[in-house]
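Note that this note's numbering has the sequence shown beginning at 803, numbered continuously upward. The beta carbon of each residue, even a glycine, is placed where N, CA and C say it ideally should be. Data first, discussion second: the structure below is written as structure tokens.
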Amino acid sequence: MLKVKIAQNPPHVILALEGELDMATGSILEQVMEQIESRDLVDITFSLDGLNFIDSTGIGQLIGYYKVFAKRDIPVSIDNNNAEIEEILALIGVREIMGVG
């Protein structure tokens, strides 16, 4: 299961993800992103501290959203203090792909 909490400080948006981000739950994040895509945003942060699992589908989603918002010159960042999730992000090179260090 995936829970997405939207912490807004307009025009800044923080999406706190909890649970699992994978093929089975990706549609939940997609629905949330559809709600915020039309807003006037300055930046978006994905907080992954609450995730206990992410697979290649979830990582693909994050990179996909980065590309969508990069076209609109909206910075996307990842906030993560979860060592297991960080290891996966590092292995795939997500921070390098997204330019978020």
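Opening and closing residue of the beta strand (DSSP E) in which Glu-822 lies: 814-823
Assign Ala-809 to one of three DSSP states: helix, strand, or coil. Strand.
What is the C-beta distance between Asp-857 and Asp-881, in whole angstroms, given that I count them as a contact (C-beta under 8 Å)? Rounded to whole angstroms, the Cβ separation of Asp-857 and Asp-881 is 20 Å, and the two are not in contact under 8 Å.
Assumed close pair Ile-816, Thr-847 - CB separation to whole angstroms, cut-off 8 Å: 5 Å
For Ala-809, collect the residues of the same chain with a Cβ closer than 7 Å to its Cβ; drop the 5 residues on either side in sequence, then sort them by chain order. Ile-816 and Ala-818
Pick from Val-896, Glu-820 and Arg-841 that is closest to His-814, judged by C-alpha positions: Arg-841
Take the Cβ of Val-870 as the centre, count every other Cβ of all protein chains shown within 10 Å, and call the residue buried at 16 or more, exposed below. exposed
Glu-836 burial status per 10 Å Cβ neighbour count (16 or more: buried): It is exposed - the Cβ of Glu-836 has fewer than 16 other Cβ atoms within 10 Å.
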